[in-house]
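Here's the structure, in structure tokens; my notes come after.
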Amino acid sequence: MPNPSLLILPGDGIGPEVMAEVRKIIDWFEAKRGIAFDVSEDLVGGCAYDKHGTPLHDDTMARAQEVDAVLLGAVGGPKYDNLDFSVKPERGLLRLRKEMDLFSNLRPAQCFDALADFSSLKKDVVAGLDIMIVRELTSGVYFGEPRGIFEEGNERVGINTQRYTESEIDRVARSAFDLAMKRGKKLCSMEKANVMESGILWREVVTEVGKDYPEVELSHMYADAGAMQLTRWPKQFDVIVTDNLFGDLLSDLAAMLTGSLGMLPSASLGAPMNNGRPKALYEPVHGSAPDIAGQGKANPCACILSFAMALRYSFDMGDEADRLEKAVNDVLASGVRTADLLNEDGITPASTTEMGDAVIKALDASL
Ligand code: NAI
Ligand code: MG
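First residue of the sequence shown: 2, per my numbering; consecutive thereafter.
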């Protein structure tokens with residue numbers, strides 16, 4: 002078997018800073034666990050524009066299509082704000098998502114014990130929380146036709162169309178069931194089948210796909226009730242699958258149950274490749290943070306945890322993913338904090354590098 006392949010795209014701003022810490026962790030896995038990755042690194046976003054005049058070179062795009070997983074830092078920054086829309090840094094990321102056809106967006110809400118106080122909810126509601134929202138990313142009301150602002154009589158009307166085909170629902174449902182199989186084998190599907198035909202079809206297709214996954218306990222919930230349940234008692238969920246619009250809202254809601262932007266990883270998955278692994282792009286939820294870029298202040302955990310997701314969902318190394326997530330938890334438990342995780346004065350924050358080094362030490366301690 003060839004080594005698992007990984008394309009690293011650090012990008013702009015704090016992207017390269019947080020990615021440098023992930024590189025140390027990748028090296029650790031090779032040195033201490035004998036897990037070698039075939040790693041290549043390339044440009045995306047503003048730095049790619051600076052070099053090639055485009056935020057994503059065709060060669061980089063081609064490489065992204067071949068590898069087992071892409072790990073991206075962040076793109077963008079004030080330096081590029083006045084560029085033409087067609088070459089803006091974000092276009093590089095959008096092109097990756099579109100051409101890899103990444104229809105399944107995974108947003109975990111995971112609460113690290115040491116940060117439970119950081120939540121706006123009560124500590125026991127969030128302590129130990131570990132759920133995953135799967136959001137359909139390439140269809141639904143953000144893409145459906147007709148759309149636009151039209152004249153109707155003597156006023157204007159704004160129109161967007163919620164549209165889902167059976168195959169679009171089927172593939173995101175399969176992606177969610179596959180994830181549920183790697184996790185707690187519980188899946189809750191959310192739509193509004195009470196008021197939307199697309200929701201009725203959604204429920205039917207998800208139920209049908211569920212017959213292929215008899216081990217997964219499937220439930221359905223209206224998305225508005227789901228929002229209530231997510232804030233009331235989020236630990237009732239394991240994996241949630243929902244459409245693009247509801248997923249946009251529910252994933253942001255769920256993510257914030259647990260605290261800082263600097264802690265939030267994500268993944269976007271596409272169709273299975275020849276080797277059975279889904280096409281995959283892993284990235285922190287945060288952006289390039291120009292306000293702190295170049296100062297060694299960024300929290301590398303979101304990017305480190307994105308790599309942990311790659312271990313779990315692209316490389317079938319769930320035990321190693323657990324090890325890495327536990328290392329991050331142990332570091333936080335020991336009191337190490339980057340500036341974004343501190344809300345009191347008098348504690349010296351850890352730098353990006355110190356946080357990365359602390360995770361390496363915790364990994365060593367796990368052996
Ligand atoms: P942002 O996520 O970059 O920053 C928001 C706030 O959170 C800032 O105060 C920042 O310092 C802080 N922050 C973010 N990540 C952090 C980390 N790892 N550690 C500590 N603090 C962190 O969002 P913003 O400011 O709206 O956008 C800045 C640039 O990033 C823009 O050019 C935007 O287009 C781009 N962006 C790129 C994304 C991507 O690459 N996926 C996503 C969001 C924004
Ligand atoms: Mg984002």
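Note that the Cβ used here is the ideal one computed from N, Cα and C, for glycine as well.
The structure presented is a predicted model; accordingly, all values stated were derived computationally and were not measured.
Classification of residue i by the beta-carbon crowding that lies within 10 angstroms, buried from 16 upward
i: N245; result: buried
i: L368; result: exposed
i: K124; result: exposed
i: A309; result: buried
i: A32; result: exposed
i: T232; result: exposed
i: K212; result: exposed
i: F238; result: buried
i: A294; result: buried
i: G370; result: The structure shown has nothing for residue 370, since the chain only spans 2 to 368.
Coarse secondary structure for residue i, derived from DSSP in three states
i: E213; result: One point to set straight first is that residue 213 is Asp, not Glu, in the sequence displayed. Correct three-state label for D213: coil.
i: M133; result: strand
i: F151; result: strand
i: G14; result: coil
i: L122; result: coil
i: D292; result: coil
i: H53; result: helix
i: R184; result: coil
i: A311; result: helix
i: L368; result: coil
i: F144; result: coil
i: P301; result: coil
i: N344; result: coil
i: W29; result: helix
i: T208; result: helix
i: F178; result: helix
i: K89; result: coil
i: L84; result: coil
Identity of the residues DSSP links to residue i by a beta bridge
i: C189; result: S220, I241
i: A268; result: L107, Y283
i: I160; result: G149
i: L6; result: Correcting the residue type first, residue 6 is Ser in the shown sequence and not Leu. Answer is D39, bridged to S6.
i: T339; result: A351
i: L258; result: DSSP lists no partner for L258.
i: L73; result: L10
i: P273; result: P279
CB contact flag (residue i, residue j, <7 angstroms)
i: R98; j: S252; result: no
i: A351; j: A256; result: no
i: V217; j: F178; result: yes
i: T353; j: G288; result: no
i: L282; j: L103; result: yes
i: L306; j: P266; result: yes
i: M191; j: G227; result: yes
i: A181; j: L188; result: yes
i: P301; j: E42; result: no
i: V332; j: V360; result: yes
i: D131; j: S315; result: no
i: A290; j: G12; result: no
i: L453; j: I27; result: Residue 453 lies beyond the range of the chain shown here (2 to 368); nothing can be said about it.
i: A311; j: L364; result: no
Below-7 angstroms beta-carbon distance, residue i vs any chain C residue
i: R278; result: Here there is only one protein chain, and chain C is not present.
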